[in-house]
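Novice:
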Amino acid sequence: MDSIVKVVQTTSENSDFLSLIKTFDEYLWERYPELKTNYWGNNIIELNRNVVVIYLDEKPVACGCFKKYDKNTIEIKRMFVSPEARGLGLAQRVLQELELWAKQLNYSVSVLETLHKQQEAINLYQKVGYAIVDNYGPYIGLDKSVCMKKEI
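Here the sequence shown stands for residues 36 to 187, numbered as in the numbering used here.
1. Ordered along the chain, which non-local residues of its own chain (more than five positions away) have a Cβ less than 8 Å from that of Tyr174?
2. In terms of residues, what are the limits of the alpha helix (DSSP H) holding Lys138?
3. Excluding sequence positions up to five away, which residues of its chain have a Cβ less than 6 Å from the Cβ of Tyr34?
4. What does DSSP give as the partner residues of Met183 in its beta bridges?
5. Go ahead and label Pro95 buried or exposed: buried means 16 or more other beta carbons lie within 10 angstroms of its beta carbon, across all protein chains shown.
6. Can you check the region 46 to 118 for any beta strand (DSSP E) of at least 3 residues that lies completely inside it and give the ranges in chain order?
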């Protein structure tokens, strides 16, 4: 029997999103304990009206969001897929949904930051057209950050 995939546009107040982000943060701090003090402030989720949660058979398994970076640019944040749902193309689906939503809101550029050990994420972003750029904003001078950009 095929799994049922449901994509929901929501806000950062969504309890399933908050639960996924809690799991994501635990994963990041386990993998990168040395970076917690440098990065913690960049991962605080203020009220965000542009959140996508993907459900697999009614279980929340993937998420992401974006926030306005400047007049034409969004910044992708908090991309995460639960370990049991990896390899199903859900991260790419979250990204596509976020980019489409941003385009509907008249944004034309997307930027994001990931960490150097996140090779799977870097590969995914490059596969869908993101290019590595100089670190921007809060990531300037942080050598573990990999910043990327794409015209959407």
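Heads up, the beta-carbon is just placed ideally off N, CA and C, and yes, glycines get one too.
In this text, all values refer to a predicted model and were calculated from it rather than measured experimentally.
Specialist: Straight from the coordinates:
1. In the sequence shown, residue 174 corresponds to position 139, counting from 1. Asn77, Glu148, Ser180, Cys182, listed in sequence order.
2. Indexing the sequence shown from 1 puts residue 138 at position 103. That run of the alpha helix (DSSP H) goes 125 to 139.
3. Shown here, the chain extends from 36 to 187; a query on residue 34 therefore has no answer.
4. Sequence index remark: in the sequence shown, residue 183 carries index 148 (1-based). Partner(s): Leu147, Ile167.
5. Walking along the sequence shown from the start, residue 95 turns up at place 60. Around the beta carbon of Pro95, 16 or more other beta carbons lie within 10 angstroms, which makes this residue buried.
6. 86 to 91, 94 to 105, 108 to 116
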